[in-house]
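Student: The structure's right below; bear with me while I get my questions together.
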Amino acid sequence: MTSLSKILFIDLSKRNFRVENREDLFKKLLGGTGVATKLLLEHCPENADPLGPDNPIIFAVGPLTGLFPLASKTVSMFKSPLTGNLGESHAGGRSAIAIRSAGYGAIVITGSSETPVYLAVHGGDVHFRDASGIWGIVNSVTVGRVVRELEKGPGIRSVMRIGGAGENLVSYACVTSETYRHFGRLGLGAVFGSKKLKALVVSGDESIDVEDKRRYRQVYDEIFEKAVESPLMKKYHNIGTASNVMPLNELKAIPIMNLKMASSPDVEGISGERLVEGYLGRRVACAHCPVACVHIAALRESYEREPYFYKTSMISYDYEPVYSLGTMLGIFKIEGFLKLMDEVEAWGMDAMSTGVTLAWATEAYEKRLITNEDTLGLKLRWGDYQTYIKAVELIARARANEFYKALAKGVEHASSCYGGKDFALSFGSNEMPGYHTGPMCHAGYLTSSRHSHLDSAGYSLDQKTLNLEKLPEPKEAAKELFKEESWRQILTSLVVCLFARGIYEKDVVSITLEINGIRLNSEELEKLGSQILAMKHEFKLREGFDPKKLRIPGRILETETPHGKIDETYLKKTVNNFFQLFSQS
Amino acid sequence: MDPPTRVRISPGLPSFLYVQVLECPQLLNDDVFAHVFPSSHGEKELRAPSLIISYMKRLTIGDVQRCVGCQLCMFACNRRYGNGGLSKSAIRVRSVGGFERGFVVIACRACADPPCMKVCPTDALSLRKGGGVVLHQSKCIGCRLCLDACPVRSVFWDDEANKPNICVHCGYCTGYCPYDILELKEAEAR
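Chains as they are written, first to last, in our numbering: chain A, 1 to 585; chain B, 586 to 775.
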């Protein structure tokens, strides 16, 4: 029987490992985000170099993992090479189940290997495998194929690995698991690369003991029924997250060509409906999730010189890549988008950061801030996916010249070298998500702990307030964002998928925790959520985060949102009010 | 063959909790019960919802192209014991070789002449009506011969108990397959 409170510590420098029992930690902070934040505060020394041996990689799962459906996510924490501050990225696939079934609530990897290595954790066994033979395989899919053959546990394992971008320390390189799922944001792949860690394989099939077995099955069935009947779940199953493309376009809230526009008739060409009808080849689910929101397109292409010979590529997509590698780059044809997506997937880069960075580069090239010499002759043009594919490789290799090296560090860095800050769409150094719904979403990007749309869901608040005569007072808006982000800390500590937030409401969370022997009512949960959020803020302040230094990209104020043009004063007031809430709570 | 008999197990539970026995009601002794509904052993009570057992039915796998790899069946199988996780699961879903190519569902195919049974040195596996085998826990010495004998590798190993996980064709997993790939059907002559 597995116990959540066991933490596996792996030291890559000394090539040793140990297991610690931290019941205190999991009792108090549940798991996931809560536990990982505490571990980050404990194990990341102040001012640690994100790409140095001191930066720990923390993976944490939660009390619901392996017990209830839709609790399929692993939380990773590290110091981000992209922002130089709190790095937190979540992935689904089979990673969470594998970690819990291997007998752990968390895995902490520290140190750095001199030679390439991959780690294989099979239950209680930890192996340091030589990876010098696979170092240099740039395609993350190939890396997965190789490691799969070498390790045991098909069906009950996760292969988390990096592609070429991670090896080359691209600041927004991702870690890919199960071919199509990612610890996408904030550069965990580069942290892997800096440690010469090519992959982490985890497998296991332990059981989780439940005291009240009857109650467990009863609650399980209730959640299962809700999940399979929920309309939201059907939406994510049928068309997937890309079902948001057309509604956001109609709302005039989808960033196009570096947010020069927020709506265009061309967007229809790359809609979720078009993708499903013309290309859907398979749907895939994370372990223990009935929804299967992962959509994979089958792209059939002919070989130019060989008649009647075709290849079919299976390419995963979601709303965010459709935005960042599609509309944001003026690519409105599905084939072009899919080919670019495939390239980014192969190299193992965050699709969102890559797209936003390329969008900035295109506009900078248009405005002649960068020259042909910088781009090595590539003529970056909206919609020209073939050129973008070439640019992706140059970024991923991160050594062609100073320009591509700068792009490999993200848009904040690149724009500080070449200018064009006004249209460099990053928040707290993290590239923008695909929502330009109004002031709340941008307030959310600026204030939230990961500078992500998923933290406080400002895009949702924007849409809810669309029909009101006037916007809520900045103080109220800040409170709403803070409240939502606090609650989401609970969901990501459990760890459940945020798509399941409508199912895991406060009372349901209390019941599922009770089955784990943890008694917390709604009020206590809310309080714990804001405590976890405050811990994250504490880490950020420790590492030099200064709310006053947050940059508001001028472009977001120029392009109309569904709420009209954003009032900068209102936005600033909301942001200030948000940070004041930390001292009040 | 006796006429079908329905045996209600626990009148206190919702009415759909019953066991349908089409043949050989004598098989429903404690040993078999403990195997099908392990957590009810000793309590004389069925805890698993919506279960219909028929000794002539077996688990079948339909259009595997519809499988999304959610593995809810694996967790359901383990939940027969009232626990989370996977150690006692007798079904497995894995990718064909990467998620891009789809999935394989590995489950007991209820052989009429089961190789696993033939290699068991202690007769811990006996023939199940309708195909497949029934495990008699107390006789099993954990030698793993059955594991290697199964041609479709559907005997899984419970490391915690050091015994095989043998599918009993109870169909509990079918209730959790969101895409109707798993089904409990009458065995066909093969």
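Virtual Cβ for every residue (Gly too), placed ideally from N, Cα, C.
Please read all numbers here as calculations on a predicted model, not as lab measurements.
1. At which residue ranges does the segment 288–356 of chain A contain complete alpha helix (DSSP H) runs of 4 or more residues, listed in the order of the chain?
2. Count the C-beta pairs between the segment 458–477 of chain A and the segment 511–519 of chain A that are closer than 8 Å, then say yes if the count reaches three, no if not.
3. Given a limit of 8 Å on CB to CB distance, which residues of the segment 681–693 of chain B reach chain A?
4. For B:F741 and A:V19, what's the separation of their Cα atoms in angstroms?
5. Within 10 angstroms of the Cβ of A:N55, are there 16 or more other Cβ atoms? Answer buried if so, exposed if not.
6. According to DSSP, is B:M702 part of a helix, a strand, or is it coil?
7. Is A:P439 helix, strand or coil by DSSP?
8. Check for me: the alpha helix (DSSP H) holding A:S95 runs from which residue to which?
9. Please classify B:V678 as buried or exposed, where buried requires at least 16 neighbouring CB atoms within 10 angstroms.
10. With DSSP collapsed to three states, give me the class of A:M233.
11. State the DSSP-derived secondary structure class of A:F68, mapped to helix, strand or coil.
12. Give the residues from the segment 487–511 of chain A that approach chain B closer than 9 Å (Cβ to any Cβ), ordered along the chain.
13. Report all residues from its chain with a CB closer than 6 Å to the CB of A:I395; omit the five preceding and five following residues, and keep chain order.
14. Once the 5 residues before and after A:T186 are set aside, which same chain residues still bring their CB inside 6 Å of it?
15. Assuming A:T437 and A:T561 form a contact by the criterion Cβ under 8 Å, report the distance between their Cβ atoms to the nearest whole angstrom.
16. State buried or exposed for A:N577, treating a residue as buried only when at least 16 other CB atoms are found within 10 Å of its CB.
17. Look at the alpha carbon of A:A98 and the alpha carbon of A:R397, and state the distance between them as a whole number of angstroms.
18. Quick one: list the residues of chain B neighbouring A:L67, beta-carbon separation under 7 Å, in chain order.
19. Measure the alpha-carbon distance for A:L380 versus A:N258 and round it to whole angstroms.
20. Going by the DSSP bridge assignment, what does A:I256 pair with across the sheet?
21. Could you tell me which residues DSSP puts in a beta bridge with B:P749?
22. With distance defined between alpha-carbon atoms, name the residue in A:Y308, A:L299, A:H453 nearest to A:K333.
23. What residue range does the alpha helix (DSSP H) around A:G87 cover?
24. Can you pull the DSSP bridge partners for A:F128?
25. Who are the Cβ neighbours of B:Q611 in its own chain at under 6 Å, not counting the five residues just before and after it?
26. Can you name the start and end residues of the alpha helix (DSSP H) that A:V245 belongs to?
27. Classify A:W476: buried if its beta carbon has 16 or more other beta carbons within 10 angstroms, exposed otherwise.
28. What separation, rounded to the nearest whole angstrom, lies between the Cα atoms of B:I646 and B:I766?
29. CA-CA distance, A:T176 and A:K73?
30. Which residues does DSSP list as the beta-bridge partners of A:N21?
31. Rounded to whole angstroms, how far is the Cβ of A:A391 from the Cβ of A:L425, which I believe are closer than 8 Å?
32. Residue range of the alpha helix (DSSP H) that B:E779 falls in?
33. Look up A:M535 in the DSSP assignment and say whether it is helix, strand or coil.
34. Can you check whether the C-beta of B:P763 is within less than 8 Å of a C-beta belonging to chain A?
35. What is the DSSP secondary structure of A:I57, reduced to helix, strand or coil?
36. With DSSP as the reference, identify every bridge partner of A:E431, one or two as the case may be.
Tutor: By the coordinates alone:
1. Correct list: 319–324, 334–347.
2. no
3. G682, G683, F684, E685, R686, G687, I691
4. Straight-line Cα distance between these residues: approximately 27 Å.
5. buried
6. helix
7. helix
8. That run of the alpha helix (DSSP H) goes 95–101.
9. B:V678 should be labelled buried.
10. helix
11. In the structure shown, A:F68 adopts coil according to DSSP, grouped into three states.
12. none
13. Y404, L407, A408
14. Here residue 186 of chain A is Leu; the residue named in the question, Thr, does not match the sequence. For A:L186, where only same-chain residues beyond five positions count, the Cβ hits under 6 Å are S80, L82, G87, S89.
15. 6 Å
16. buried
17. 32 Å
18. Ordered by position in chain B, the residues that pass the 7 Å Cβ test against A:L67 are G669.
19. 13 Å
20. A:M261
21. B:W742
22. A:L299
23. First-last for A:G87: 86–91, but that is the beta strand (DSSP E), not the alpha helix (DSSP H).
24. A:L119
25. Low confidence applies to B:Q611: its pLDDT is 36, below 50, so where it sits in the model is not reliable enough to give any reading.
26. 245–250
27. In the sequence under discussion, the amino acid at residue 476 of chain A is Glu, which differs from the Trp named in the question. Flag for A:E476 reads exposed.
28. 6 Å
29. 13 Å
30. A:K6
31. So it is not a contact: roughly 17 Å between Cβ atoms.
32. This structure cannot speak to residue 779 of chain B, because chain B is shown only from 586 to 775.
33. In the structure shown, A:M535 sits in a helix (DSSP, three-state: H, G or I).
34. yes
35. strand
36. A:S426
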